[in-house]
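Residue numbers (UniProt numbering): 1 to 453.
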(Lines of atoms letter the chains of each structure in order from A and count residues from 1; the text may use other names and numbers.)
(Lines give C-alpha, C1' and ligand atoms only; values in the text may rest on other atoms or scores of the structure.)
Protein backbone atom coordinates (compact mmCIF):
# COMPACT_ATOMS: atom_id res chain seq x y z
CA UNK A 1 0.00 0.00 0.00
CA UNK A 2 1.24 3.48 -0.83
CA UNK A 3 2.60 5.23 2.22
CA UNK A 4 0.46 8.35 1.98
CA UNK A 5 -2.74 6.28 1.67
CA UNK A 6 -1.64 4.27 4.68
CA UNK A 7 -1.17 7.41 6.73
CA UNK A 8 -4.54 8.84 5.69
CA UNK A 9 -6.63 5.80 6.48
CA UNK A 10 -6.23 3.64 3.39
CA UNK A 11 -8.84 1.20 4.70
CA UNK A 12 -11.55 3.57 3.59
CA UNK A 13 -10.35 2.94 0.01
CA UNK A 14 -9.91 -0.84 0.27
CA UNK A 15 -11.84 -2.06 3.34
CA UNK A 16 -11.43 -5.80 2.63
CA UNK A 17 -7.78 -5.73 1.58
CA UNK A 18 -5.01 -7.22 3.71
CA UNK A 19 -1.29 -7.05 3.12
CA UNK A 20 -0.95 -10.84 3.34
CA UNK A 21 -3.36 -11.27 0.38
CA UNK A 22 -1.08 -9.72 -2.21
CA UNK A 23 -1.00 -12.89 -4.35
CA UNK A 24 -4.78 -12.72 -4.76
CA UNK A 25 -4.58 -9.04 -5.73
CA UNK A 26 -1.76 -9.79 -8.19
CA UNK A 27 -3.79 -12.49 -9.95
CA UNK A 28 -6.77 -10.17 -10.09
CA UNK A 29 -4.53 -7.50 -11.60
CA UNK A 30 -3.37 -9.88 -14.34
CA UNK A 31 -6.97 -10.76 -15.22
CA UNK A 32 -8.00 -7.08 -15.24
CA UNK A 33 -5.06 -6.13 -17.49
CA UNK A 34 -6.02 -8.88 -19.97
CA UNK A 35 -9.66 -7.74 -19.92
CA UNK A 36 -8.55 -4.18 -20.66
CA UNK A 37 -6.42 -5.33 -23.58
CA UNK A 38 -9.32 -7.41 -24.91
CA UNK A 39 -11.81 -4.52 -24.64
CA UNK A 40 -9.45 -2.16 -26.47
CA UNK A 41 -8.95 -4.71 -29.25
CA UNK A 42 -12.71 -5.17 -29.63
CA UNK A 43 -13.19 -1.39 -29.79
CA UNK A 44 -10.54 -1.01 -32.50
CA UNK A 45 -11.87 -3.88 -34.62
CA UNK A 46 -15.44 -2.65 -34.27
CA UNK A 47 -14.36 0.84 -35.38
CA UNK A 48 -12.83 -0.60 -38.56
CA UNK A 49 -15.90 -2.71 -39.28
CA UNK A 50 -18.20 0.27 -38.67
CA UNK A 51 -16.22 2.43 -41.09
CA UNK A 52 -16.66 -0.11 -43.88
CA UNK A 53 -20.26 -1.02 -43.07
CA UNK A 54 -21.35 2.62 -42.67
CA UNK A 55 -19.87 3.55 -46.03
CA UNK A 56 -21.46 0.50 -47.66
CA UNK A 57 -24.86 1.14 -46.13
CA UNK A 58 -24.75 4.82 -47.05
CA UNK A 59 -23.87 4.02 -50.66
CA UNK A 60 -26.59 1.36 -50.82
CA UNK A 61 -29.29 3.68 -49.47
CA UNK A 62 -28.31 6.53 -51.76
CA UNK A 63 -27.95 4.33 -54.83
CA UNK A 64 -31.15 2.35 -54.34
CA UNK A 65 -33.52 5.20 -53.51
CA UNK A 66 -34.53 5.91 -57.11
CA UNK A 67 -34.89 2.19 -57.90
CA UNK A 68 -37.11 1.65 -54.84
CA UNK A 69 -39.34 4.54 -55.85
CA UNK A 70 -39.66 3.04 -59.33
CA UNK A 71 -40.49 -0.42 -57.97
CA UNK A 72 -43.11 0.88 -55.52
CA UNK A 73 -44.52 3.49 -57.87
CA UNK A 74 -48.29 3.62 -57.44
CA UNK A 75 -48.11 1.53 -54.28
CA UNK A 76 -46.21 3.71 -51.82
CA UNK A 77 -45.78 7.50 -52.16
CA UNK A 78 -42.17 8.58 -52.86
CA UNK A 79 -41.89 10.56 -49.63
CA UNK A 80 -42.70 7.39 -47.66
CA UNK A 81 -39.74 5.66 -49.33
CA UNK A 82 -37.50 8.55 -48.28
CA UNK A 83 -38.79 8.30 -44.71
CA UNK A 84 -38.17 4.54 -44.64
CA UNK A 85 -34.60 4.99 -45.85
CA UNK A 86 -34.12 7.78 -43.33
CA UNK A 87 -35.37 5.53 -40.51
CA UNK A 88 -32.96 2.78 -41.62
CA UNK A 89 -29.87 5.03 -41.45
CA UNK A 90 -31.12 6.58 -38.21
CA UNK A 91 -31.65 3.19 -36.55
CA UNK A 92 -28.26 1.94 -37.73
CA UNK A 93 -26.56 5.08 -36.41
CA UNK A 94 -28.38 4.96 -33.07
CA UNK A 95 -27.57 1.29 -32.46
CA UNK A 96 -23.93 1.80 -33.50
CA UNK A 97 -23.49 4.82 -31.24
CA UNK A 98 -24.99 2.98 -28.27
CA UNK A 99 -22.76 -0.01 -28.99
CA UNK A 100 -19.60 2.09 -29.05
CA UNK A 101 -20.59 3.97 -25.92
CA UNK A 102 -21.01 0.61 -24.14
CA UNK A 103 -17.61 -0.51 -25.40
CA UNK A 104 -16.05 2.75 -24.20
CA UNK A 105 -17.60 2.29 -20.76
CA UNK A 106 -16.20 -1.23 -20.61
CA UNK A 107 -12.72 0.04 -21.51
CA UNK A 108 -12.78 2.80 -18.89
CA UNK A 109 -14.12 0.58 -16.13
CA UNK A 110 -11.47 -2.04 -16.92
CA UNK A 111 -8.82 0.69 -16.86
CA UNK A 112 -10.07 2.01 -13.52
CA UNK A 113 -9.93 -1.49 -12.08
CA UNK A 114 -6.33 -1.87 -13.25
CA UNK A 115 -5.39 1.39 -11.52
CA UNK A 116 -7.14 0.41 -8.29
CA UNK A 117 -5.40 -2.95 -8.18
CA UNK A 118 -2.07 -1.33 -9.00
CA UNK A 119 -2.50 1.00 -6.05
CA UNK A 120 -3.46 -1.92 -3.82
CA UNK A 121 -0.22 -3.64 -4.80
CA UNK A 122 1.72 -0.56 -3.71
CA UNK A 123 2.69 0.84 -7.11
CA UNK A 124 2.53 4.55 -7.86
CA UNK A 125 4.22 6.52 -10.63
CA UNK A 126 4.43 9.55 -8.38
CA UNK A 127 5.34 12.76 -10.15
CA UNK A 128 6.81 11.25 -13.32
CA UNK A 129 3.97 12.76 -15.32
CA UNK A 130 6.17 13.92 -18.22
CA UNK A 131 6.80 10.30 -19.13
CA UNK A 132 3.53 8.75 -17.99
CA UNK A 133 0.61 11.23 -18.19
CA UNK A 134 -1.79 10.81 -15.29
CA UNK A 135 -4.85 10.92 -17.59
CA UNK A 136 -3.81 7.61 -19.20
CA UNK A 137 -4.12 4.22 -17.61
CA UNK A 138 -0.34 3.72 -17.88
CA UNK A 139 0.43 6.54 -15.46
CA UNK A 140 -2.72 7.30 -13.49
CA UNK A 141 -2.59 7.14 -9.71
CA UNK A 142 -6.33 7.45 -9.16
CA UNK A 143 -8.99 5.65 -11.20
CA UNK A 144 -11.21 8.65 -11.92
CA UNK A 145 -8.39 10.24 -13.92
CA UNK A 146 -9.80 8.04 -16.69
CA UNK A 147 -12.98 9.70 -17.87
CA UNK A 148 -15.82 7.99 -19.65
CA UNK A 149 -15.76 10.76 -22.24
CA UNK A 150 -12.23 12.18 -22.64
CA UNK A 151 -13.16 14.61 -25.44
CA UNK A 152 -14.40 14.99 -29.01
CA UNK A 153 -10.91 14.82 -30.50
CA UNK A 154 -9.83 11.60 -28.75
CA UNK A 155 -10.03 7.95 -29.78
CA UNK A 156 -13.33 7.57 -27.91
CA UNK A 157 -15.05 9.90 -30.37
CA UNK A 158 -13.67 8.39 -33.60
CA UNK A 159 -16.63 6.02 -34.08
CA UNK A 160 -18.98 8.96 -33.58
CA UNK A 161 -17.29 11.00 -36.30
CA UNK A 162 -17.35 8.05 -38.70
CA UNK A 163 -21.05 7.37 -38.13
CA UNK A 164 -22.01 11.04 -37.97
CA UNK A 165 -20.29 12.07 -41.19
CA UNK A 166 -21.63 9.17 -43.25
CA UNK A 167 -25.17 9.27 -41.82
CA UNK A 168 -25.35 13.07 -42.17
CA UNK A 169 -24.35 12.75 -45.81
CA UNK A 170 -27.16 10.25 -46.36
CA UNK A 171 -29.63 12.52 -44.53
CA UNK A 172 -28.59 15.44 -46.76
CA UNK A 173 -29.10 13.34 -49.90
CA UNK A 174 -32.48 12.01 -48.76
CA UNK A 175 -33.62 15.50 -47.83
CA UNK A 176 -32.65 16.77 -51.27
CA UNK A 177 -34.41 13.80 -52.89
CA UNK A 178 -37.53 14.52 -50.81
CA UNK A 179 -37.52 18.14 -52.01
CA UNK A 180 -37.08 16.99 -55.60
CA UNK A 181 -40.04 14.59 -55.35
CA UNK A 182 -42.20 17.15 -53.51
CA UNK A 183 -41.32 20.56 -54.98
CA UNK A 184 -44.49 22.17 -53.65
CA UNK A 185 -43.65 21.60 -49.97
CA UNK A 186 -41.27 24.59 -49.67
CA UNK A 187 -40.56 27.68 -51.69
CA UNK A 188 -37.46 27.24 -53.83
CA UNK A 189 -35.46 29.80 -51.82
CA UNK A 190 -35.93 27.69 -48.67
CA UNK A 191 -34.86 24.36 -50.18
CA UNK A 192 -31.16 24.75 -49.37
CA UNK A 193 -31.97 25.91 -45.84
CA UNK A 194 -34.18 22.88 -45.26
CA UNK A 195 -31.55 20.45 -46.55
CA UNK A 196 -28.76 21.98 -44.44
CA UNK A 197 -31.02 22.17 -41.40
CA UNK A 198 -31.84 18.47 -41.67
CA UNK A 199 -28.14 17.57 -41.84
CA UNK A 200 -27.23 19.83 -38.93
CA UNK A 201 -30.15 18.59 -36.82
CA UNK A 202 -29.15 14.98 -37.35
CA UNK A 203 -25.49 15.69 -36.50
CA UNK A 204 -26.51 17.52 -33.30
CA UNK A 205 -28.90 14.69 -32.35
CA UNK A 206 -26.19 12.07 -32.91
CA UNK A 207 -23.79 14.11 -30.78
CA UNK A 208 -26.35 14.33 -27.96
CA UNK A 209 -27.06 10.58 -28.13
CA UNK A 210 -23.39 9.64 -27.93
CA UNK A 211 -22.46 12.14 -25.23
CA UNK A 212 -25.45 11.31 -23.02
CA UNK A 213 -24.53 7.62 -23.29
CA UNK A 214 -21.15 8.42 -21.74
CA UNK A 215 -22.32 10.37 -18.71
CA UNK A 216 -20.48 9.35 -15.57
CA UNK A 217 -22.17 8.44 -12.29
CA UNK A 218 -23.04 11.98 -11.20
CA UNK A 219 -23.00 13.72 -14.56
CA UNK A 220 -26.19 15.02 -16.13
CA UNK A 221 -26.94 17.04 -19.26
CA UNK A 222 -27.64 20.01 -16.98
CA UNK A 223 -24.18 19.78 -15.47
CA UNK A 224 -22.55 19.66 -18.91
CA UNK A 225 -24.48 22.76 -19.95
CA UNK A 226 -23.45 24.76 -16.89
CA UNK A 227 -19.84 23.65 -17.23
CA UNK A 228 -19.95 25.10 -20.73
CA UNK A 229 -21.55 28.34 -19.46
CA UNK A 230 -18.99 28.64 -16.66
CA UNK A 231 -16.15 28.54 -19.18
CA UNK A 232 -17.82 31.22 -21.28
CA UNK A 233 -18.17 33.62 -18.32
CA UNK A 234 -14.59 33.02 -17.23
CA UNK A 235 -15.26 31.02 -14.07
CA UNK A 236 -14.49 27.40 -14.95
CA UNK A 237 -15.54 24.71 -12.52
CA UNK A 238 -13.27 22.08 -11.03
CA UNK A 239 -12.02 20.04 -13.95
CA UNK A 240 -12.70 16.52 -12.64
CA UNK A 241 -16.02 16.84 -10.84
CA UNK A 242 -16.45 13.07 -10.54
CA UNK A 243 -13.22 12.80 -8.56
CA UNK A 244 -14.22 15.68 -6.27
CA UNK A 245 -17.53 13.93 -5.53
CA UNK A 246 -15.66 10.70 -4.84
CA UNK A 247 -13.34 12.44 -2.37
CA UNK A 248 -16.31 14.13 -0.69
CA UNK A 249 -18.12 10.82 -0.25
CA UNK A 250 -14.89 9.28 1.00
CA UNK A 251 -14.76 11.97 3.69
CA UNK A 252 -18.28 10.92 4.74
CA UNK A 253 -17.15 7.29 4.97
CA UNK A 254 -14.18 8.35 7.08
CA UNK A 255 -16.48 10.21 9.48
CA UNK A 256 -18.62 7.08 9.76
CA UNK A 257 -15.53 4.89 10.16
CA UNK A 258 -14.45 6.97 13.14
CA UNK A 259 -17.98 6.57 14.57
CA UNK A 260 -18.60 10.31 14.86
CA UNK A 261 -22.24 11.14 15.53
CA UNK A 262 -23.34 14.12 13.45
CA UNK A 263 -26.87 14.39 14.82
CA UNK A 264 -26.30 17.57 16.85
CA UNK A 265 -24.06 19.05 14.17
CA UNK A 266 -26.78 18.62 11.53
CA UNK A 267 -29.33 20.18 13.87
CA UNK A 268 -27.30 23.36 14.32
CA UNK A 269 -26.17 23.39 10.71
CA UNK A 270 -29.78 23.67 9.54
CA UNK A 271 -30.67 26.14 12.30
CA UNK A 272 -27.75 28.50 11.68
CA UNK A 273 -27.19 28.21 7.94
CA UNK A 274 -30.45 27.20 6.26
CA UNK A 275 -33.68 26.79 8.22
CA UNK A 276 -35.65 25.89 5.08
CA UNK A 277 -33.15 23.28 3.95
CA UNK A 278 -35.64 20.42 3.62
CA UNK A 279 -38.29 22.51 1.86
CA UNK A 280 -36.37 23.95 -1.11
CA UNK A 281 -34.55 22.49 -4.11
CA UNK A 282 -31.20 24.09 -3.34
CA UNK A 283 -32.26 27.74 -3.72
CA UNK A 284 -34.11 29.68 -1.04
CA UNK A 285 -35.84 32.49 -2.90
CA UNK A 286 -36.85 34.08 0.39
CA UNK A 287 -33.22 34.29 1.54
CA UNK A 288 -32.18 35.43 -1.93
CA UNK A 289 -34.72 38.28 -1.86
CA UNK A 290 -33.60 39.27 1.64
CA UNK A 291 -29.99 39.33 0.45
CA UNK A 292 -30.89 41.55 -2.53
CA UNK A 293 -32.75 43.95 -0.26
CA UNK A 294 -29.63 44.11 1.88
CA UNK A 295 -27.51 45.00 -1.14
CA UNK A 296 -29.74 47.98 -1.96
CA UNK A 297 -29.79 48.89 1.77
CA UNK A 298 -33.51 48.43 2.32
CA UNK A 299 -32.79 45.78 4.94
CA UNK A 300 -29.67 44.78 6.92
CA UNK A 301 -27.21 42.81 4.79
CA UNK A 302 -27.42 39.05 5.19
CA UNK A 303 -26.16 36.00 3.33
CA UNK A 304 -28.55 34.39 0.90
CA UNK A 305 -26.60 31.19 0.28
CA UNK A 306 -28.24 27.91 1.18
CA UNK A 307 -26.36 24.88 2.46
CA UNK A 308 -26.42 23.47 -1.07
CA UNK A 309 -24.96 26.67 -2.54
CA UNK A 310 -22.23 26.71 0.09
CA UNK A 311 -21.39 23.11 -0.75
CA UNK A 312 -21.25 23.97 -4.45
CA UNK A 313 -18.86 26.80 -3.70
CA UNK A 314 -16.59 24.59 -1.61
CA UNK A 315 -16.40 21.61 -3.93
CA UNK A 316 -16.63 22.90 -7.48
CA UNK A 317 -15.64 26.58 -7.73
CA UNK A 318 -11.93 27.33 -7.62
CA UNK A 319 -12.00 31.13 -7.95
CA UNK A 320 -14.08 32.70 -5.17
CA UNK A 321 -13.04 36.29 -5.86
CA UNK A 322 -15.46 36.78 -8.77
CA UNK A 323 -18.47 37.15 -6.52
CA UNK A 324 -21.26 37.87 -9.00
CA UNK A 325 -20.28 35.14 -11.44
CA UNK A 326 -19.71 32.75 -8.56
CA UNK A 327 -23.22 33.42 -7.24
CA UNK A 328 -24.68 32.70 -10.68
CA UNK A 329 -22.90 29.34 -10.88
CA UNK A 330 -23.95 28.49 -7.31
CA UNK A 331 -27.59 29.15 -8.18
CA UNK A 332 -27.27 27.19 -11.41
CA UNK A 333 -25.68 24.09 -9.86
CA UNK A 334 -27.73 23.94 -6.65
CA UNK A 335 -30.72 22.17 -8.27
CA UNK A 336 -28.31 19.72 -9.93
CA UNK A 337 -26.83 18.76 -6.56
CA UNK A 338 -30.27 18.16 -5.06
CA UNK A 339 -31.15 16.02 -8.08
CA UNK A 340 -28.17 13.66 -7.73
CA UNK A 341 -27.85 13.57 -3.90
CA UNK A 342 -30.42 13.09 -1.19
CA UNK A 343 -30.80 15.90 1.34
CA UNK A 344 -29.33 13.75 4.12
CA UNK A 345 -26.29 12.91 2.01
CA UNK A 346 -25.83 16.61 1.21
CA UNK A 347 -25.68 17.32 4.95
CA UNK A 348 -23.19 14.49 5.47
CA UNK A 349 -20.95 15.72 2.64
CA UNK A 350 -21.16 19.30 3.90
CA UNK A 351 -20.14 18.37 7.43
CA UNK A 352 -17.30 16.15 6.24
CA UNK A 353 -15.96 18.44 3.50
CA UNK A 354 -16.52 22.18 3.95
CA UNK A 355 -14.01 24.58 5.44
CA UNK A 356 -14.57 25.12 9.17
CA UNK A 357 -11.54 27.33 9.73
CA UNK A 358 -8.48 28.44 7.87
CA UNK A 359 -7.17 25.33 6.05
CA UNK A 360 -9.39 23.03 8.15
CA UNK A 361 -11.70 21.06 5.87
CA UNK A 362 -14.28 18.71 7.34
CA UNK A 363 -15.48 18.17 10.86
CA UNK A 364 -12.71 15.69 11.70
CA UNK A 365 -9.96 18.21 10.93
CA UNK A 366 -11.91 20.95 12.72
CA UNK A 367 -12.20 18.88 15.92
CA UNK A 368 -8.51 18.01 15.86
CA UNK A 369 -7.65 21.66 15.23
CA UNK A 370 -9.67 23.04 18.14
CA UNK A 371 -9.59 20.19 20.67
CA UNK A 372 -6.66 17.98 19.57
CA UNK A 373 -8.97 14.97 19.42
CA UNK A 374 -12.06 13.68 17.67
CA UNK A 375 -15.28 13.96 19.65
CA UNK A 376 -17.44 11.00 18.70
CA UNK A 377 -20.57 12.44 20.37
CA UNK A 378 -20.33 16.22 20.15
CA UNK A 379 -22.53 18.10 22.62
CA UNK A 380 -24.90 20.92 21.70
CA UNK A 381 -22.25 23.46 22.67
CA UNK A 382 -19.57 21.73 20.58
CA UNK A 383 -21.90 21.36 17.59
CA UNK A 384 -22.87 25.05 17.75
CA UNK A 385 -19.22 26.06 18.08
CA UNK A 386 -18.17 24.05 15.02
CA UNK A 387 -20.94 25.28 12.75
CA UNK A 388 -20.37 28.88 13.81
CA UNK A 389 -16.75 28.54 12.69
CA UNK A 390 -17.70 27.48 9.14
CA UNK A 391 -15.72 29.54 6.58
CA UNK A 392 -14.33 31.89 9.26
CA UNK A 393 -10.99 32.12 7.45
CA UNK A 394 -9.85 35.10 9.52
CA UNK A 395 -10.35 33.22 12.82
CA UNK A 396 -12.19 36.21 14.31
CA UNK A 397 -14.66 36.11 17.19
CA UNK A 398 -17.89 37.50 15.74
CA UNK A 399 -19.38 38.49 19.10
CA UNK A 400 -22.61 40.17 18.01
CA UNK A 401 -23.49 37.42 15.54
CA UNK A 402 -22.79 34.69 18.12
CA UNK A 403 -24.92 36.42 20.78
CA UNK A 404 -27.84 36.86 18.39
CA UNK A 405 -27.67 33.24 17.21
CA UNK A 406 -27.30 31.78 20.71
CA UNK A 407 -30.29 33.73 22.04
CA UNK A 408 -32.35 32.59 19.08
CA UNK A 409 -31.31 28.96 19.68
CA UNK A 410 -32.26 29.32 23.35
CA UNK A 411 -35.71 30.66 22.39
CA UNK A 412 -36.19 27.72 20.03
CA UNK A 413 -35.31 25.28 22.79
CA UNK A 414 -32.17 24.07 21.04
CA UNK A 415 -29.79 25.13 23.83
CA UNK A 416 -30.11 25.10 27.61
CA UNK A 417 -28.39 27.39 30.12
CA UNK A 418 -25.74 24.71 30.72
CA UNK A 419 -25.14 24.41 26.97
CA UNK A 420 -24.54 28.16 26.76
CA UNK A 421 -22.09 28.09 29.68
CA UNK A 422 -20.19 25.23 28.01
CA UNK A 423 -20.17 27.18 24.75
CA UNK A 424 -18.59 30.22 26.38
CA UNK A 425 -15.94 27.93 27.88
CA UNK A 426 -15.19 26.53 24.41
CA UNK A 427 -14.67 30.02 23.01
CA UNK A 428 -12.49 30.98 25.97
CA UNK A 429 -10.29 27.91 25.52
CA UNK A 430 -10.00 28.55 21.76
CA UNK A 431 -8.92 32.14 22.39
CA UNK A 432 -6.48 31.06 25.08
CA UNK A 433 -4.97 28.46 22.71
CA UNK A 434 -4.79 31.10 19.95
CA UNK A 435 -7.14 29.20 17.71
CA UNK A 436 -9.50 32.21 17.65
CA UNK A 437 -8.35 35.83 17.57
CA UNK A 438 -10.05 37.92 20.28
CA UNK A 439 -9.25 39.96 23.38
CA UNK A 440 -10.62 39.70 26.90
CA UNK A 441 -13.08 42.53 26.33
CA UNK A 442 -14.70 40.61 23.49
CA UNK A 443 -14.87 37.44 25.56
CA UNK A 444 -16.44 39.36 28.42
CA UNK A 445 -19.01 40.90 26.09
CA UNK A 446 -19.85 37.45 24.72
CA UNK A 447 -20.19 35.97 28.20
CA UNK A 448 -22.43 38.76 29.45
CA UNK A 449 -24.46 38.77 26.24
CA UNK A 450 -25.39 35.08 26.26
CA UNK A 451 -25.34 34.11 29.94
CA UNK A 452 -26.98 37.14 31.51
CA UNK A 453 -29.59 37.64 28.79
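Ideal placement from N, C-alpha and C gives every residue a C-beta, glycine not left out.
By the beta-carbon neighbour count (other beta carbons within 10 angstroms, threshold 16), residue 380 is buried.
Taken in chain order, the unbroken stretches of alpha helix (DSSP H) that lie wholly in the region 221-262 and span 4 residues or more are 221-232, 241-257. When only Cα atoms are considered, residue 209 and residue 94 end up about 8 Å apart.
Under the three-state reduction of DSSP output, residue 40 falls in the helix class. Residue 98 sits in a helix when the DSSP states are folded into three classes. Contact check between the region 161-177 and the region 187-203: three or more CB pairs, one atom from each, fall below 8 Å, which counts as touching. Using a 10 angstroms sphere on the CB of residue 370, the tally of other CB atoms reaches 16 or more, which defines it as buried. Residue pairing by DSSP places residue 357 opposite 360, 392 in a beta bridge. The closest CA to that of residue 105, considering only 156, 81, 141, 92, is found on 156.
Around the beta carbon of residue 274, a 10 Å sphere encloses 16 or more other beta carbons of the protein chains shown; the residue is thus reported as buried. In the structure shown, residue 283 adopts coil according to DSSP, grouped into three states.
Within the same chain, Cβ atoms closer than 8 Å to the Cβ of residue 212 are found at 221, the five residues on either side in sequence being excluded. In the three-state scheme derived from DSSP, where H, G and I count as helix and E and B as strand, residue 436 is classed as coil. Looking at the backbone, the Cα of residue 345 and that of residue 375 are separated by about 21 Å. Inclusion of residue 356 and residue 390 in the CB contact set at 9 Å is warranted, their separation being smaller than that value.
Residue pairing by DSSP places residue 317 opposite 237 in a beta bridge. The region 305-318 makes contact with the region 233-253: 3 or more CB pairs, one atom from each, lie closer than 8 Å. For the 9 Å CB-CB criterion, residue 217 and residue 242 form a contact.
Across the structure, residue 260 and residue 28 are spaced so that their CA atoms are roughly 34 Å apart. In this structure residue 50 is buried. Its beta-carbon is surrounded by 16 or more other beta-carbon atoms within 10 angstroms. For residue 108, same chain residues with a beta-carbon under 6 Å away, outside a window of 5 residues either side, are 146, 148 in chain order.
If you compare the alpha carbons of 400, 443, 434 with that of residue 421, the shortest gap goes to 443. In the pairwise beta carbon analysis, the region 267-284 is classified as touching the region 304-311: at least three pairs are separated by under 8 Å.
With three or more CB-CB distances shorter than 8 Å, the region 420-439 counts as touching the region 384-398. Secondary structure in the region 113-182: the alpha helix (DSSP H) runs of 4 residues or longer, each lying completely within the stretch, are 158-181 in chain order. In this structure, DSSP gives residue 194 a helical state, which the three-state scheme calls helix.
Listed in chain order, the non-local C-beta contacts of residue 40 below 7 Å within the same chain comprise 107, local neighbours out to five positions each way being set aside. The residues 237, in chain order, have a CB closer than 7 Å to that of residue 227 in the same chain once the five nearest residues on each side in sequence are set aside.
Taken through DSSP and simplified to helix, strand or coil, residue 218 comes out as coil. As the crow flies, the alpha-carbon of residue 48 is around 34 Å from that of residue 193. In the three-state DSSP reduction, residue 385 falls in the helix class (H, G or I). Take the alpha-carbon of residue 89 and the one of residue 181: they are about 20 Å apart. Secondary structure note for residue 322: it is in no alpha helix (DSSP H), with a DSSP letter that is neither H nor E. The beta carbons of residue 206 and residue 168 sit closer together than 9 Å. Distance check between residue 436 and each of 396, 354, 448, 416 places 396 closest, using alpha-carbon atoms only.
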